[in-house]
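Q:
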Amino acid sequence: MATVDVPETFPCAAPAEGAADGRLQLLVDGIVRLAAGELSARIEPSDQRDEIDAVITGVNLLAEELGYIHSDLEERVAARTAMLRRTQVELEQMAKTDALTGLANRTLLSERIQDAIGASAQGGSAAAVLVLDLDSFKAINDTMGHSAGDAVLVEVSSRLRSVVRASDTVARLGGDEFAVLIAGATEEEVVHIAHRAREALQECMHVGSETVWTTASIGICLRNPGHSSEELMRDADIAMYQAKAQGRNRIERFHPDMLDAVRERSRITAELRTAASDGQLALLYQPVIELASGRVAGVEALVRWHHPVHGTIMPDNFIGIAEETGLILELGRWILHEGISQLSRWKREAPGLTDFRLHINLSAAELLRGDLLQDIRDTLATNDVEPGRLVLEITETVLMSPGAGEEQVLRALRAMGVGLQIDDFGTGYSSISYLRTLPADTVKVDHSLIKDLESDPRQQKFVSAILQLISAAELEAIVEGIETAGQAAQLQAMGCLYGQGYYFGRPEPAVEVLKRLRTAGQQR
């Protein structure tokens, strides 16, 4: 149907006498157009100034008012739309920005890595990622408070920005971990930026009136063809942890062997979780000998993992992983229960067994296990074993500087009657002044100190002096790592009471220990 343009104002002619008033039709048409949204339309009143003209005037006023309202609404909608767009931009920025430092967060970093990978695929330079983790940052939070820690993080952010190029992206991944995306740079440039970052972060920082020193462990990964953004970040992270493992405040570049090691550790962790319940763990026992008499004075419990595929796995290959993952708590619980249970069986099977003690290693994490004291009490009572028959070997680094919780546990163990032994003496602090105050009754001297005992007179004097100091502190000494009769004889002559090592016996199953005990009983 053809449309006819209607003027904004409709003229209203006077109707012929006796004819229908044409204004009514114009009025109806005008109202229809208003209803259709044509708010600019108007109807021109006639000269008659009658009731119809009054209605026409009212309709025109209504149209004008509706026009004002419509314009106001359009302005408000436009303003609200602009505000929503600004809010959306701000929310998107907040979603991709770290609130504390203003750096990119993990989400934005991932997007930019994807962009860099895309550019690299089009012939651009390869991308590289640095992952940085502050060393000992927790100590700042613990000693100075989280506000000071936040100030350090802000300063770290500023320093990282100052050492990278304008085209690089600095991001905070969370906590005290940061990352830098470097695109369009050579390997030498990437390494140079990493060294600049390391140097910048090891300069002192001023937080209020305090001076703070920190360092960072840095991992580098240069993207290889086929590397996804997730793999690039993962490998840089692996390299960073390698830097920490190598002593901290270091820079390590990712190598595929590192990933193999991580996968191996993950496998060991997963399988270690069920090793005890699957019957794969076993305890061997190495004799502790009274040097003067040759009597078996006790044994040290040493765990072995008999893996169904990989054979016997030695503690050095899984204890560290257990400590890092928290599995050491359950592993230590199993060793404690199994060892005390076996000691109870020896008491029944080797009559006359006296002054025989079971030595069990206890980690720092286990000292803080909430139910440790009650667990030891219950296990000893259930197996009818006196507390004095149990000796817990604890490294000197823990005993030298115990925290409040650890010290409370150590005192409770002593009060219970459990023996405490300083393990690996000579490898850590070895502060002589501590010997008088340590919550221990025996000291195990590390095997490294007797390595040249038979051939080096200076070493003989040194070991003799150590044994005299231990005795002066009213502690008993056990020397580990004795491999020859000559070493045993010299140590006995120096006043050492107990010895342990391959000369007396390797770690052996419980049944072999029982044979030793029965033989010793028959000889008495």
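The opening residue of the sequence shown carries number 0 in numbering that gives the first Met the number 0; numbering runs sequentially from there. Yeah, the Cβ is synthetic: ideal placement off N, Cα and C, and Gly gets one too.
1) Sort out for me which residues DSSP pairs Q285 with in a bridge.
2) Quick check: the region 124 to 133 against the region 165 to 177, are at least 3 beta-carbon pairs closer than 8 Å?
3) According to DSSP, simplified to helix, strand and coil, what is F253?
4) What are the uninterrupted segments assigned as beta strand (DSSP E) that are 3 or more residues long and contained completely in the region 120 to 174, given in chain order?
5) What first and last residue would you give for the beta strand (DSSP E) that runs through L389?
6) Are the region 288 to 301 and the region 257 to 268 in contact at 8 Å, needing three or more beta carbon pairs?
7) Hey, A118 and R222: beta-carbon distance below 7 Å or not?
8) Please tell me whether A196 and V162 are closer than 7 Å, where the distance is taken between their beta carbons.
9) Got a sec, what are the start and stop residues for the alpha helix (DSSP H) H336 sits in?
10) Just tell me which of I219, L352, V31 has its CA closest to the CA of K514.
11) By Cβ distance, which residues of its chain are closer than 6 Å to S340, with the 5 residues on each side in sequence left out?
12) How should K346 be labelled, buried or exposed, when 16 other C-beta atoms within 10 angstroms of its C-beta is the threshold for buried?
13) Considering only DSSP beta bridges, list what W304 is partnered with.
14) Can you check the region 8 to 85 for any alpha helix (DSSP H) of at least 4 residues that lies completely inside it and give the ranges in chain order?
15) Can you grab the Cα-Cα spacing for the pair I465 / S208, in whole Å?
16) In the DSSP assignment, find the beta strand (DSSP E) that holds A235 and state where it starts and stops.
17) Do G498 and A487 have their beta-carbon atoms positioned less than 7 Å apart in this structure?
18) Could you tell me the alpha carbon to alpha carbon distance between Q459 and G494, rounded to whole angstroms?
19) Which residue from M204, L99, V27 puts its Cα closest to that of D149?
20) Which class does E556 belong to by DSSP, given the choice of helix, strand or coil?
21) What is the residue span of the alpha helix (DSSP H) that R376 lies within?
22) Got a sec, what are the start and stop residues for the beta strand (DSSP E) R356 sits in?
23) If you drop the 5 nearest sequence neighbours on each side, which residues of the same chain put their C-beta closer than 7 Å to that of G17?
24) For Q491, which option in I181, S292, D141 has the closest C-alpha, if you only look at C-alpha atoms?
25) In this structure, what does DSSP give as the bridge partners for V211?
26) State buried or exposed for L437, treating a residue as buried only when at least 16 other CB atoms are found within 10 Å of its CB.
A: Working from what's here:
1) The residue labelled residue 285 in the question sits at position 286 within the sequence shown. BP columns for Q285 point to E299.
2) yes
3) Position 254 of the sequence shown, counting from 1, holds the residue named residue 253. Of the three classes helix, strand and coil, the one that applies to F253 here is coil, per DSSP.
4) Runs of the beta strand (DSSP E) spanning 3 or more residues and lying entirely within the region 120 to 174 occur at 126 to 134, 168 to 173, in chain order.
5) Here residue 389 refers to the residue found at position 390 when the sequence shown is read from its first residue. Per DSSP, L389 belongs to the beta strand (DSSP E) from 389 to 394.
6) no
7) Position 119 of the sequence shown, counted from the start, is the residue given in the question as residue 118. Position 223 of the sequence shown, counted from the start, is the residue given in the question as residue 222. Result no, Cβ atoms of A118 and R222 do not sit closer than 7 Å.
8) Here residue 196 corresponds to residue number 197 of the sequence shown, with the count starting at 1. Here residue 162 corresponds to residue number 163 of the sequence shown, with the count starting at 1. When the beta-carbon positions are compared, A196 and V162 come within less than 7 Å of each other.
9) On the sequence shown, position 337 is the one that residue 336 refers to. Start and end: 327 to 348.
10) As a working note, residue 514 is residue 515 in the sequence shown. Measuring from the Cα of K514, the nearest candidate turns out to be L352.
11) Translated into positions along the sequence shown, residue 340 becomes position 341. Here the set comprises N382.
12) Residue numbering aside, residue 346 sits at position 347 when the sequence shown is read from its first letter. K346 should be labelled buried.
13) In the sequence shown, residue 304 corresponds to position 305, counting from 1. L280, I312, per the DSSP bridge assignment.
14) 21 to 34
15) Position 466 of the sequence shown holds residue 465. Position 209 of the sequence shown holds residue 208. Those two C-alpha atoms are separated by around 44 Å.
16) In the sequence shown, residue 235 corresponds to position 236, counting from 1. No beta strand (DSSP E) contains A235, which is instead part of the alpha helix (DSSP H) from 228 to 244.
17) To locate residue 487, count along the sequence shown from 1; it is residue 488. To locate residue 498, count along the sequence shown from 1; it is residue 499. Result yes, Cβ atoms of A487 and G498 sit closer than 7 Å.
18) Taking the first residue of the sequence shown as position 1, residue 459 is located at position 460. Taking the first residue of the sequence shown as position 1, residue 494 is located at position 495. It is roughly 13 Å from the alpha-carbon of Q459 to the alpha-carbon of G494.
19) As a position in the sequence shown, residue 149 is number 150, starting the count at 1. When C-alpha distances from D149 are compared across M204, L99, V27, the shortest belongs to L99.
20) With the chain covering 0 to 523 only, the question about residue 556 has no answer from this structure.
21) Taking the first residue of the sequence shown as 1, we reach residue 376 at position 377. Per DSSP, the unbroken alpha helix (DSSP H) holding R376 starts and ends at 371 to 381.
22) Reading the sequence shown from its first residue, position 357 is the one you call residue 356. Its beta strand (DSSP E) spans residues 356 to 360.
23) Taking the first residue of the sequence shown as 1, we reach residue 17 at position 18. Low confidence applies to G17: its pLDDT is 41, below 50, so where it sits in the model is not reliable enough to give any reading.
24) By 1-based counting over the sequence shown, the position of residue 491 is 492. The shortest Cα separation from Q491 among I181, S292, D141 belongs to S292.
25) Residue 211 sits at position 212 when you count from the first residue of the sequence shown. DSSP output for V211 lists M204 as bridge partner(s).
26) Here residue 437 corresponds to residue number 438 of the sequence shown, with the count starting at 1. Buried, by the Cβ-count rule.
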